[in-house]
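*Asks:* Position 41 of the sequence shown, counted from 1, bears residue number 43 in this note's numbering, the numbering being contiguous throughout. Beta carbons: idealized from backbone N, C-alpha and C, even for Gly. Got a structure for you, written out below as structure tokens; questions coming shortly.
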Amino acid sequence: MSKAKPLNGKDFMIFVAGKATALATSHKLTLTAETGDAASKDDGMWDESIVTKMGWEASTEALVSADADVESFDSLYDAFIAGEAVDIILGVPANLSNDGVPEDGWASPATKTGQKYYKGKALITSLDRTDAKGSNSTMTAQFKGQGKLEKATGAGA
Numbered sequence: 003m004s005k006a007k008p009l010n011g012k013d014f015m016i017f018v019a020g021k022a023t024a025l026a027t028s029h030k031l032t033l034t035a036e037t038g039d040a041a042s043k044d045d046g047m048w049d050e051s052i053v054t055k056m057g058w059e060a061s062t063e064a065l066v067s068a069d070a071d072v073e074s075f076d077s078l079y080d081a082f083i084a085g086e087a088v089d090i091i092l093g094v095p096a097n098l099s100n101d102g103v104p105e106d107g108w109a110s111p112a113t114k115t116g117q118k119y120y121k122g123k124a125l126i127t128s129l130d131r132t133d134a135k136g137s138n139s140t141m142t143a144q145f146k147g148q149g150k151l152e153k154a155t156g157a158g159a
């Protein structure tokens, strides 16, 4: 077996409603499990727990884009104000390139046969924008999963 190759952080992206977050600088995925006490006299002095609830959250940090047709602050604002869950896909784009954004934009991992990714629905729970004099505008969006985060494999276009 050959040596495992690490995934470069720049390659993992969040797609919201089918579009990659424009000008992203960082993405984060957090899975959580809440536990309940399951200890009995049979366990002696040792604690015993069971998972009672699972959840997930994701976030993206990005530069704000002025382009109207990309997933950036304005489109995320619209989804935030609507208060409805958005479709989220997390993974490596199907058309990954070290030469920057492909001409047609980043393609969802769901479009590439055999490509692994995660998907679910999430509410936008926080949307921050920072516009400092002399600096690029930046934003951070927080997503709270609604239901299960599924591990999937792309079926191709």
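#1: Within 10 angstroms of its Cβ, does residue 8 collect 16 or more other Cβ (buried), or is it exposed?
#2: From this set, 51, 70 and 78, which residue's C-alpha is nearest residue 62's C-alpha?
#3: Quick one: what's got a C-beta closer than 6 Å to residue 38's C-beta in the same chain, skipping five residues either side?
#4: Less than 8 Å between the C-beta atoms of residue 26 and residue 64, yes or no?
#5: Would you be able to state if there are at least three C-beta pairs under 8 Å between the stretch 65–74 and the stretch 129–147?
#6: Taking the alpha helix (DSSP H) that residue 84 belongs to, which residues open and close that run?
#7: By DSSP's criteria, residue 144 is part of a beta bridge. Which residues make up the other side?
#8: Could you pull out every residue in the same chain whose Cβ sits closer than 6 Å to the Cβ of residue 106, ignoring the five residues on either side in sequence?
#9: For the stretch 82–96 and the stretch 107–121, state whether three or more C-beta atom pairs, one from each stretch, are separated by less than 8 Å.
#10: Go through the stretch 83–116 residue by residue and report every complete run of the beta strand (DSSP E) that reaches 3 residues or more, in order.
#11: Starting from residue 33 and walking both ways along the beta strand (DSSP E), at which residues does that stretch end?
#12: Work out the CA separation of residue 73 and residue 21 for me, nearest whole Å.
#13: With a 10 Å radius around its C-beta and 16 neighbouring C-beta atoms as the bar for buried, classify residue 15 as buried or exposed.
*Replies:* Quick answer:
#1: exposed
#2: The candidate whose alpha carbon is nearest that of residue 62 is 78.
#3: Excluding sequence neighbours, residue 38 sits near 52 and 54.
#4: yes
#5: yes
#6: 75–84
#7: Per DSSP, 61 and 128.
#8: Around residue 106: no qualifying Cβ.
#9: yes
#10: Segments of the beta strand (DSSP E) lying fully in the stretch 83–116: 88–93.
#11: 26–39 is the extent of the beta strand (DSSP E) around residue 33.
#12: Going from the Cα of residue 21 to the Cα of residue 73 covers about 6 Å.
#13: buried
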